[in-house]
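Following: one structure in structure tokens, then a few remarks.
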Amino acid sequence: MEYIELFFKSIFIDNMVFATFLGMCSYLAVSKKVSTAVGLGAAVVFVMLITVPLNWLLDQYILQPGALKWLGAEYADYDLSFLSFILFIATIATMVQLVEIIVEKFSPSLYNSLGIFLPLIAVNCAILGGSLFMQSREIPTLGLATVYGVGSGIGWFLAILAIAAIREKIRYSNVPPALRGLGITFIITGLMAIGFMSFGGMLTGGDEEGAKEEKTVKVETPEADNVKELANNTKEIN
Amino acid sequence: MALLSKKDTKLITDPLLDNNPITIQVLGICSALAITAQLKASIVMALSVMAVLAIGNVVISLMRNIIPSKIRIIVQLVVVAALVIIVDQVLKAFSYELSKTLSVFVGLIITNCIIMGRFEAFALANGPWKSFLDGIGNAAGYGLILVIVGFFRELLGSGTLLGFKVLGDPIEKTGLYALGYENNGFMLLSPMALIVVGIIIWVQRSRNEALIEDH
Numbered sequence: 002m003e004y005i006e007l008f009f010k011s012i013f014i015d016n017m018v019f020a021t022f023l024g025m026c027s028y029l030a031v032s033k034k035v036s037t038a039v040g041l042g043a044a045v046v047f048v049m050l051i052t053v054p055l056n057w058l059l060d061q062y063i064l065q066p067g068a069l070k071w072l073g074a075e076y077a078d079y080d081l082s083f084l085s086f087i088l089f090i091a092t093i094a095t096m097v098q099l100v101e102i103i104v105e106k107f108s109p110s111l112y113n114s115l116g117i118f119l120p121l122i123a124v125n126c127a128i129l130g131g132s133l134f135m136q137s138r139e140i141p142t143l144g145l146a147t148v149y150g151v152g153s154g155i156g157w158f159l160a161i162l163a164i165a166a167i168r169e170k171i172r173y174s175n176v177p178p179a180l181r182g183l184g185i186t187f188i189i190t191g192l193m194a195i196g197f198m199s200f201g202g203m204l205t206g207g208d209e210e211g212a213k214e215e216k217t218v219k220v221e222t223p224e225a226d227n228v229k230e231l232a233n234n235t236k237e238i239n
Numbered sequence: 023m024a025l026l027s028k029k030d031t032k033l034i035t036d037p038l039l040d041n042n043p044i045t046i047q048v049l050g051i052c053s054a055l056a057i058t059a060q061l062k063a064s065i066v067m068a069l070s071v072m073a074v075l076a077i078g079n080v081v082i083s084l085m086r087n088i089i090p091s092k093i094r095i096i097v098q099l100v101v102v103a104a105l106v107i108i109v110d111q112v113l114k115a116f117s118y119e120l121s122k123t124l125s126v127f128v129g130l131i132i133t134n135c136i137i138m139g140r141f142e143a144f145a146l147a148n149g150p151w152k153s154f155l156d157g158i159g160n161a162a163g164y165g166l167i168l169v170i171v172g173f174f175r176e177l178l179g180s181g182t183l184l185g186f187k188v189l190g191d192p193i194e195k196t197g198l199y200a201l202g203y204e205n206n207g208f209m210l211l212s213p214m215a216l217i218v219v220g221i222i223i224w225v226q227r228s229r230n231e232a233l234i235e236d237h
């Protein structure tokens, strides 16, 4: 139950894009076409699936105050938490390099269309943000950290997919010239964020909220399948 | 001005308006939006980014001939991460309350696209002095938007500026509140930051038609 709750919380209530504004740069830059958005979204989900649990282990066994106890009693009062930025970003940069190599080898067309943005996943704030929030919210177990990583990744995926679809359609609308492109995208994202705020009551409400939750599960299934597929594919690749 | 040639001045003034990192280059949006509910936090964030970007640009520019291009991203990340750790520790030491407000967003300066973007686009190809000016200019352009957004959100959202009650006291009904004015609490919520930036872009592009996109 705890797992499901955290999963939905990280997708909807604490949505990376709409609640904390992380990963906005690539969200705005790569959302002109749905197909590229899907590719980048999948890459983000995959990288988060790996980096958040990895960074959880680093945090638990190296960085936290007293985490070095397993090395011996004399290390018990070390506090290395100031190193977390540099260790987290190193993990992420390495994993991104790995994903880049895999994508280049197995899907050159996706590699070409993602272009410069694949190395830029390393500097996608959503991914470092996922690890930093995982640390500051003190997520207790490895399993929960994994669920949190996947959930946040899917939340980001969902957001970029939605805005890409809207931007493809809005091309045919009569937007005031000065708002075209970036301006209108900002305002739409703001309105979507207001919409997502209504999810805030999802997990705190009573019984009547149950029905609503089930509905969102249904909507979510295809996404979850995609992720599973992606995970399976990458397992094969590895 | 003997210190700054015409070209050098352009490096600083260009990113303020016509090549603004946030509204034109679309870099560094994340932190711009999340911490702008208060003017003070916006200013501190802008200064932190300026310190990191100016120093980082100089360091990268000095090392530009010895960094192998294949691993340059990791090298850049290490440089930024080291600088950000210093900024974070300084903030924790001298202004603990504020560093709590900014929470993870100081750490997220590492992944602020402005920094990587300027390293890639400028510092890798130019000398240290020019890179320093470019860093200051771009961070100032970024800070300008942050301060504008922070100003409007704090003024309209809580009726204060930098913590001073400029519009009067909402509880004792002085100043504007005596006329029945109410704070717009919505401005404090995060979606309004996006809409405020959208409006800034609208104003900017209406004034300079060359910046208008196709769709």
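Chains A and B, in that order, are what the protein sequence lines are. Just so you know, we're using my numbering here: the first sequence kicks off at 2 and counts up by one. Just so you know, we're using my numbering here: the second sequence kicks off at 23 and counts up by one. The beta carbon of each residue, even a glycine, is placed where N, CA and C say it ideally should be.
Whole angstroms is fine: what's the gap from residue i's alpha carbon to residue j's?
| i | j | result |
| --- | --- | --- |
| I161(A) | N125(A) | 13 angstroms |
| E119(B) | K62(B) | 12 angstroms |
| P43(B) | E204(B) | 34 angstroms |
| L111(A) | L64(A) | 37 angstroms |
| V80(B) | T31(B) | 17 angstroms |
| G202(A) | A43(A) | 28 angstroms |
| R229(B) | A179(A) | 9 angstroms |
| D80(A) | I34(B) | 41 angstroms |
| Q61(A) | L55(A) | 10 angstroms |
| A115(B) | E105(A) | 45 angstroms |
| K152(B) | I77(B) | 12 angstroms |
| S11(A) | L143(A) | 16 angstroms |
| I223(B) | S132(A) | 32 angstroms |
| G182(A) | G152(A) | 29 angstroms |
| K34(A) | L41(A) | 11 angstroms |
| A232(B) | I167(A) | 25 angstroms |
| E101(A) | F107(A) | 10 angstroms |
| V218(A) | I103(A) | Below a pLDDT of 50, predicted positions are generally treated as unreliable, and V218(A), at 41, falls in that range; no measurement from the model is reported. |
| N113(A) | A143(B) | 20 angstroms |
| L7(A) | T52(A) | 18 angstroms |
| I88(B) | P150(B) | 14 angstroms |
| K28(B) | F186(B) | 40 angstroms |
| S174(A) | F47(A) | 35 angstroms |
| V66(B) | S117(B) | 10 angstroms |
| V188(B) | A161(B) | 28 angstroms |
Please go through the same chain and pick out, in chain order, the residues whose beta-carbon is closer than 6 angstroms to the beta-carbon of residue i, but skip the five residues on each side of it.
| i | result |
| --- | --- |
| F200(A) | F13, I14 |
| I132(B) | V102, A103, V106 |
| E215(A) | Unreliable positioning characterises E215(A) in this predicted model, as indicated by a pLDDT of 42, which lies under 50. The coordinate reading is nonetheless provided below. Correct list: empty, nothing qualifies. |
| R138(A) | none |
| L59(A) | L88 |
| C135(B) | L49, G50 |
| G139(B) | L49 |
With residue i and residue j assumed to form a contact (beta carbons below 8 angstroms), what rounded beta-carbon distance in angstroms separates them?
| i | j | result |
| --- | --- | --- |
| F134(A) | V45(A) | Between V45(A) and F134(A) the Cβ distance is about 15 angstroms, and since that is not below 8 angstroms, they are no contact. |
| V169(B) | S91(B) | V169(B) to S91(B), Cβ: 36 angstroms. No contact. |
| I87(A) | A103(B) | 4 angstroms |
| L184(B) | L177(B) | 10 angstroms between Cβ atoms; not a contact. |
| G159(B) | A68(B) | Their Cβ separation, rounded to whole angstroms, is 13 angstroms, which puts G159(B) and A68(B) out of contact at 8 angstroms. |
| S82(A) | A165(A) | Wrong, their Cβ atoms sit about 38 angstroms apart, outside the cutoff. |
| V97(A) | A68(A) | That pair is no contact at about 25 angstroms. |
| T21(A) | G130(A) | 7 angstroms |
Residue i and residue j: beta carbons closer than 7 angstroms?
| i | j | result |
| --- | --- | --- |
| A215(B) | V171(B) | yes |
| G184(A) | G202(B) | no |
| A163(A) | L23(A) | no |
| I57(B) | G191(A) | no |
| A146(A) | I140(A) | yes |
| I96(B) | C26(A) | no |
| F141(B) | Q98(B) | yes |
| G150(A) | M2(A) | no |
| G197(B) | G190(B) | yes |
| V109(B) | S70(B) | yes |
| L75(B) | G179(B) | no |
| G163(B) | L55(B) | no |
| V18(A) | Y28(A) | yes |
| R175(B) | A59(B) | yes |
| V176(A) | Y4(A) | no |
| S121(B) | L130(B) | no |
| A74(A) | P213(B) | no |
Apart from the five residues just before and just after residue i, which ones in its own chain have a Cβ nearer than 7 angstroms to its Cβ?
| i | result |
| --- | --- |
| L146(B) | I82, R86 |
| I90(A) | L129 |
| N16(A) | G156, A160, F197 |
| L84(A) | L64 |
Please work out which residues of its chain come closer than 8 angstroms, Cβ to Cβ, to residue i, disregarding the five sequence neighbours upstream and downstream, and give them in chain order.
| i | result |
| --- | --- |
| I241(A) | In this structure chain A extends from 2 to 239, so residue 241(A) is not present and cannot be described. |
So residue i contacts chain E; which residues on that side make the cut at Cβ distance below 8 angstroms?
| i | result |
| --- | --- |
| M214(B) | No chain E is present in this structure, whose protein chains are A and B. |
_Runs of 4 residues minimum, wholly inside the region 34 to 74 of chain A: which ones carry the alpha helix (DSSP H) assignment?_
35 to 59
*Kindly provide the ranges of any alpha helix (DSSP H) runs that are 4 or more residues long and lie completely inside the region 32 to 91 of chain B, ordered along the chain.*
51 to 56, 61 to 85
*Mind pulling the alpha helix (DSSP H) runs of 4 or more residues that sit fully within the region 82 to 160 of chain A?*
85 to 107, 109 to 115, 118 to 121, 126 to 137
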